[in-house]
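Before any comments, here is the structure.
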Amino acid sequence: MAQATARHILVDTETKCEELKKDIEGGQDFAEVAKKHSSCPSGRNGGDLGSFGPGQMVPEFDTVVFSADLNTVQGPVKTQFGYHLLEVTSRG
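Per full-length UniProt numbering, the very first residue in the sequence shown carries number 1; after that it's consecutive.
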């Protein structure tokens with residue numbers, strides 16, 4: 001079965017998500033932004049979600065994680081939890 005590793009940042013609003021995406025694209029470190037702004041407990045670990053397979057995350061995540069280019073910031077991705085920035089770090 002396919003596996004992926006990814007990290008994410010979870011915030012309450014699409015506007016905040018867009019602002020953080022611009023910060024990262026402008027050179028700020030994804031992990032540091034996650035530690036500072038993510039409301040998910042994974043933020044403490046730089047947003048690292050570890051390794052997972054299809055169907056283990058919400059459908060909106062699966063769609064992005066198993067199709068997006070590696071090491072590029074994706075989002076905002078809206079789920080029932082809020083708005084996410086996602087970065088797929090490996091897939092195999």
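All C-beta atoms in this analysis are idealised placements derived from N, C-alpha and C, irrespective of residue type, glycine included.
query, result
"Which ranges does the alpha helix (DSSP H) cover as unbroken runs of at least 4 residues, wholly within the UniProt domain \"PpiC\" (1–90), from first to last along the chain?", "14–25, 30–37 and 59–65"
"Ordered along the chain, which non-local residues of its own chain (more than five positions away) have a Cβ less than 8 angstroms from that of M57?", "L49 and V65"
"Do T13 and T89 come within 8 angstroms of each other at the CB atom, strictly closer than that value?", "no"
"Who are the near neighbours of R44 in its chain, counting only those whose CB is closer than 8 angstroms to its CB and skipping five residues on each side?", "K35"
"Please report the distance separating the alpha-carbon of E87 from that of H8.", "6 angstroms"
"My understanding is that E25 touches V73, with C-beta atoms under 8 angstroms, so please give their C-beta distance in whole angstroms.", "7 angstroms"
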